[in-house]
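So the sequence lines, in the order shown, correspond to chains S and C.
Be aware that the first sequence starts at 1, since it is given in the numbering used here, and climbs by one per residue.
Be aware that the second sequence starts at 461, since it is given in the numbering used here, and climbs by one per residue.
By construction, the Cβ of each residue, glycine as well, lies at the ideal position given by its N, Cα and C atoms.
The structure appears right after this line, and notes come after that.
There are 2 protein chains.
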Amino acid sequence: MAKIPPLSGFPELLPQQRIVEQHILDTVRRLFELHGFSSLETRAVEPLDQLLRKGEMDKEVYLLRRLHAVDDEEGAAADQLGLHFDLTVPLARYVLQNAGHLDFPYRRYQIQKVWRGERPQEGRYREFTQADIDIIGRDTLAFHHEVEVAVVMAEVFAALPIPPAVIKVNNRKLAEGFFRGAGATDPDAALRAIDNLDKIGPDRVAALLVEDAGLDAAGARLCLELATITGSDATLSDRVQALGVEHPLLTEGLAELVAVVAAVNARRPQAVLADLKIARGLDYYTGTVFETELVGYESLGSICSGGRYDALASDGKVTFPGVGISLGVSRLLVPLLAGGRLTASRSVPSCVLVAVSDEGERAASEQVADALRARGISTEVAPSAAKFGKQIRHADRRGIPYVWFAASEGSDHSVKDIRSGDQVPADPYGWNPPAADLHPTVTMEPRPPATETTSEEPPQ
Amino acid sequence: MAKIPPLSGFPELLPQQRIVEQHILDTVRRLFELHGFSSLETRAVEPLDQLLRKGEMDKEVYLLRRLHAVDDEEGAAADQLGLHFDLTVPLARYVLQNAGHLDFPYRRYQIQKVWRGERPQEGRYREFTQADIDIIGRDTLAFHHEVEVAVVMAEVFAALPIPPAVIKVNNRKLAEGFFRGAGATDPDAALRAIDNLDKIGPDRVAALLVEDAGLDAAGARLCLELATITGSDATLSDRVQALGVEHPLLTEGLAELVAVVAAVNARRPQAVLADLKIARGLDYYTGTVFETELVGYESLGSICSGGRYDALASDGKVTFPGVGISLGVSRLLVPLLAGGRLTASRSVPSCVLVAVSDEGERAASEQVADALRARGISTEVAPSAAKFGKQIRHADRRGIPYVWFAASEGSDHSVKDIRSGDQVPADPYGWNPPAADLHPTVTMEPRPPATETTSEEPPQ
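The structure is reproduced here in structure tokens:
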């Protein structure tokens, strides 16, 4: 049979890499739950009309069709099922569907795969994992939750073995108010123009601001100056106001931005930074917006984005405002794994391999293993009664730190640390490994290793 | 907007039910890892030719199509992608693709959703979660692993808050050898006939055994007698041999069956039972086969099945034998949730709600929350500085057991157990809840409650 090629855009991990991913997902979940977010899993599919309900026909949705579907069975296009491309559309549908069974504010986290039929490229996959938190109110939602979601993500970044991440903040009201105050007739067009600043440069953006957003040259210059403002200190507000633009929305949005930056940094120093260039997402959110760059990996784009939406969902009578933030786990993880920067201390959960001296003595080895497992020590028994040297190599290849030799006539139980070679007598009902050896550990290399070997790349 | 209907066959859970599911999945994972199985996640999609490679054109596969696919872009049918319908086909593909990076025997567990476009009915869903363990050898795989996978699942069943489960065992070699020894010319036809025993009764099975499998009336009677044999004691072998049928495969298979039952029950008393009526899966597996019934929920069918396959995968040069067993998590869980038999003590992870006396004092409450979280106590802060009675009701509705009142002028910190009403002084940097309150607990009702309320059913 020919070698099976990987499927582009669908990354898969080797066992050791998966242990890194599990460590990251476990850490994220633990912190989300410490902050009282409850878990939600939604089905992978949504009706196509839900997926496209914001008119986003440009989304690359994967549609489903049953292999043995009878003609016409799938019904009209609106009834067709597609794989969800984010976790926000399913959340909105779930909240509307189950509002009567939920307590508001509803604080949920959701860690799931999502699918997009996009062209695969760096940081972009067709299947990837997201980890979202959202807080959904019924009719109203207090502003302090906009601070809260950033605090939680800042804690996640501090706990993960990853390069530093800076959460950048902007505010839709500030931007829209400023553009209007500077004379824009189409503030959405101004947002789109500013969003292209890094790509096409200030001159062409200025032209777009005039042509598309209805600004004059002076107004366009002010908008470009606004986009240069960044920082988290007390001068932020003064620097915006010094541009001399006035609008009630600007005043409101600036106050919110200053409040978010101050409140988050008071609780998690230097976690967030105002960046008034951020425009992506401002057409979608209604207040605070977040984007996050990973230092040294800026080309990946934002690894964690979100913001405030005044109407996540509405059933016509009740409106559900929300604020959320979404961590792109795959976008963050896969490049760090591929570059060999994140490694696990072993490829299996096992802390101990119990050797087997003879197939007739396997039961004795299994008894030792059960005694160790009863104290939470992950243990496997050697698959064959090969020479001990071979059994030790079996452990070594997987990074299992300890090999146990069961008592036999003439010798007591003993356990060998195969890294140091030290072998000591031990009681299967009492021995414990050092805490650092109990579970695999995950380490980030301070910088990319000089040589990258093929085997460290995800097999995709 | 009209009420959103659930999607048949795609069960979704309410927050409290999801906590039950998390408890079950966490328990399963913990036990798999204690036995040294490493985690694998494969992509959700496989090329259609992989999904159908065993000629299983009857599978109800969901095919994928990109919404904006260009004509002809999706290529030939063989290149089409479909959602996986089990975790075995992806495992076989993954092992072939990554054999050079894996250590054999490769022990992996995999807990993932799978999809089948089947007609939804009791115990059958279109999207459901499976939890599989498999041990894959390279060229060879020792028999003791057939014992091992049953021992691990028996431990899982003992640890889960579910009704008793009995793993039933049969053996492909035993059945085939017996059928051949009794005169069958088509032992697969005999398997299919016996598989219908419960549905169509012994008389019609006897007719099929004669018509389709080439047995005479006496041979058919022997096969039906074999199917009545069940048990786990020392007489098992004698009772089979007493039927007087002889065949080398029968001898080999009977020895394996007796060995599996004895070895598993020696380690986990009464965990398995030989049942020679089991035929399903025997056409697929090559040695031991497992099926599991949940006592009181027999109509669900097998909730945990598996067996030995001498060739899970092969690249033409190397063959990979395997043994595996698969727990149908959704099949087990959804009916127990719907019947109200499994409940969680709260609907959120939070152990403590920190009250807010005044919006101006929110920072003080957040400081308490951070101090508690630093010791692993899941905590949320009240969303508004409502009257304390309302804040306590906020906790009560979610099942949060403790409400914390931060120190203010004239009063120290105190914490109230809202179940007992007891309120005591407490230090945010030292207080710990009783261990039983730290996380939500999951309980199985001894029998289905007399009345089932709508809200306890999964919203689907």
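- Near residue 546 of chain C, which residues of its chain fall below 6 Å by C-beta distance, leaving aside the five closest residues on each side in sequence? In chain order, 574 place their CB closer than 6 Å to the CB of residue 546 of chain C, counting only its own chain and leaving out the 5 sequence neighbours on each side.
- Does any CB atom of chain S fall closer than 8 Å to the CB of residue 554 of chain C? At a cut-off of 8 Å between C-beta atoms, residue 554 of chain C counts as an interface residue with respect to chain S.
- Item | Partners in chain S for residue 843 of chain C, counting only beta-carbon separations shorter than 7 Å | For the C-beta of residue 843 of chain C, the chain S residues within less than 7 Å are, from N- to C-terminus, 105, 142.
- Are the region 585–602 of chain C and the region 769–786 of chain C in contact at 8 Å, needing three or more beta carbon pairs? Contact holds: three or more Cβ-Cβ distances are below 8 Å.
- If you draw a straight line from the C-alpha of residue 707 of chain C to the C-alpha of residue 659 of chain C, how long is it? Cα-Cα distance, rounded: 29 Å.
- Message: What does the Cβ neighbour count give for residue 359 of chain S, buried or exposed, with the cut at 16 atoms within 10 Å?
- Response: Exposed is the call here.
- Item | Between the CA atoms of residue 609 of chain C and residue 766 of chain C - distance to the nearest angstrom | One Cα belongs to residue 766 of chain C, the other to residue 609 of chain C, and the distance between them is close to 9 Å.
- Item | Reduced DSSP category for residue 419 of chain C - H, G, I as helix; E, B as strand; rest coil | Because chain C in this structure spans residues 461 to 920, residue 419 of chain C falls outside the shown range and cannot be described.
- Is the beta carbon of residue 676 of chain C sitting closer than 8 Å to the one on residue 670 of chain C? Yes, these two residues count as a Cβ contact at 8 Å.
- Message: Counting only C-beta atoms, is residue 807 of chain C closer than 8 Å to chain S at any point?
- Response: It does: the Cβ of residue 807 of chain C has a partner Cβ on chain S nearer than 8 Å.
- Query: Closest Cβ-Cβ distance between residue 428 of chain S and chain B: below 8 Å?
  - Reply: This model lacks chain B altogether; the protein chains it does include are S and C.
- Task: Determine the DSSP secondary structure at residue 121 of chain S, reduced to helix, strand or coil.
- Result: In this structure, DSSP gives residue 121 of chain S an extended state, which the three-state scheme calls strand.
- Please report how far the alpha carbon of residue 433 of chain S lies from the alpha carbon of residue 233 of chain S, in whole angstroms. Residue 433 of chain S and residue 233 of chain S have their C-alpha atoms spaced approximately 48 Å apart.
- What residues from the region 568–580 of chain C come within 7 Å of chain S, judged by C-beta to C-beta, listed N to C? Those residues of the region 568–580 of chain C that come within reach of chain S (Cβ to Cβ, closer than 7 Å) are 573, 577.
- Query: Counting along the chain, where does the alpha helix (DSSP H) carrying residue 441 of chain S start and finish?
  - Reply: Residue 441 of chain S -> no alpha helix (DSSP H), and no H or E assigned at all.
- Query: Is the distance from the Cβ of residue 261 of chain S to the Cβ of residue 236 of chain S below 8 Å?
  - Reply: By the CB criterion at 8 Å, residue 261 of chain S and residue 236 of chain S fall inside the cutoff.
- Query: Are any of the Cβ atoms in chain C nearer than 8 Å to that of residue 35 of chain S?
  - Reply: Chain C contact via Cβ: present.
- Item | Contacting residues, own chain, Cβ-Cβ under 7 Å from residue 542 of chain C (five flanking each side not counted) | Closer than 7 Å at Cβ, skipping near neighbours: 505, 506, 508, 511, 521, 522, 523, 524.
- Message: Give me the DSSP bridge partner(s) of residue 326 of chain S.
- Response: DSSP lists S:132, S:305 as partners of residue 326 of chain S.
- Chain-ordered neighbours of residue 42 of chain S on chain C, where CB pairs are closer than 8 Å: Correct list: 472.
- Query: If you compare alpha carbons, which of C:681, C:730, C:599, C:586 is closest to residue 627 of chain C?
  - Reply: The candidate whose alpha carbon is nearest that of residue 627 of chain C is C:730.
- Task: Would you mind sorting residue 422 of chain S into buried or exposed? The rule is 16 or more other CB atoms within 10 Å of its CB.
- Result: Result: exposed.
- Query: Roughly how many angstroms lie between the CA atoms of residue 24 of chain S and residue 825 of chain C, to the nearest whole one?
  - Reply: Between residue 24 of chain S and residue 825 of chain C, the C-alpha separation is close to 29 Å.
- Message: Please report the straight-line C-alpha distance between residue 899 of chain C and residue 862 of chain C, rounded to a whole angstrom.
- Response: Near 12 Å, if we compare the C-alpha coordinates of residue 862 of chain C and residue 899 of chain C.
- Looking only at its own chain, which residues have a Cβ that is under 8 Å from the Cβ of residue 257 of chain S, when we skip the five neighbours before and after it? Scanning its chain for C-beta atoms nearer than 8 Å, with the 5 sequence neighbours on each side dropped, one finds around residue 257 of chain S the residues 169, 170, 171, 174, 236, 274, 288, in chain order.
- Item | residue 160 of chain S versus residue 27 of chain S - alpha carbon distance | Cα to Cα, the separation comes out at about 7 Å.
- Task: Could you spell out the range, first to last residue, of the alpha helix (DSSP H) harbouring residue 659 of chain C?
- Result: 657–671 is the span of the alpha helix (DSSP H), which, as asked, contains residue 659 of chain C.
- Message: Applying the 10 Å Cβ sphere with the 16-neighbour rule, what's the burial state of residue 17 of chain S?
- Response: Buried.
- Does the region 868–875 of chain C touch the region 757–765 of chain C, meaning 3 or more C-beta pairs lie closer than 8 Å? Cβ pair count under 8 Å is below three, so no.
- Task: Answer with yes or no whether the minimum CB distance from residue 878 of chain C to chain S is below 8 Å.
- Result: Chain S, which has no Cβ nearer than 8 Å to the Cβ of residue 878 of chain C, makes this no.
- Query: residue 858 of chain C CB to nearest chain S CB: under 8 Å?
  - Reply: Yes - at least one Cβ of chain S is within 8 Å of the one on residue 858 of chain C.
- Task: State the DSSP-derived secondary structure class of residue 413 of chain C, mapped to helix, strand or coil.
- Result: In the structure displayed, chain C extends from 461 to 920; residue 413 of chain C sits before or after that span and is not available.
- Query: If you run the structure through DSSP and keep just helix, strand and coil, what is residue 755 of chain C?
  - Reply: In the structure shown, residue 755 of chain C sits in coil (DSSP, three-state: anything other than H, G, I, E or B).
- Would you call the region 805–815 of chain C and the region 836–849 of chain C in contact, with 3 or more CB pairs under 8 Å? In short, these stretches touch, since the Cβ pair count reaches three.
- Task: For residue 66 of chain S, go through chain C and note every residue whose CB falls closer than 8 Å to its CB, in chain order.
- Result: Near residue 66 of chain S (Cβ distances below 8 Å), the residues of chain C are 520, 521, 522, 523, 577.
- Give every residue of the same chain whose Cβ lies closer than 6 Å to the Cβ of residue 724 of chain C, excluding the five residues on either side of it in the sequence, and list them in chain order. Correct list, in chain order: 607, 610, 611, 731, 732.
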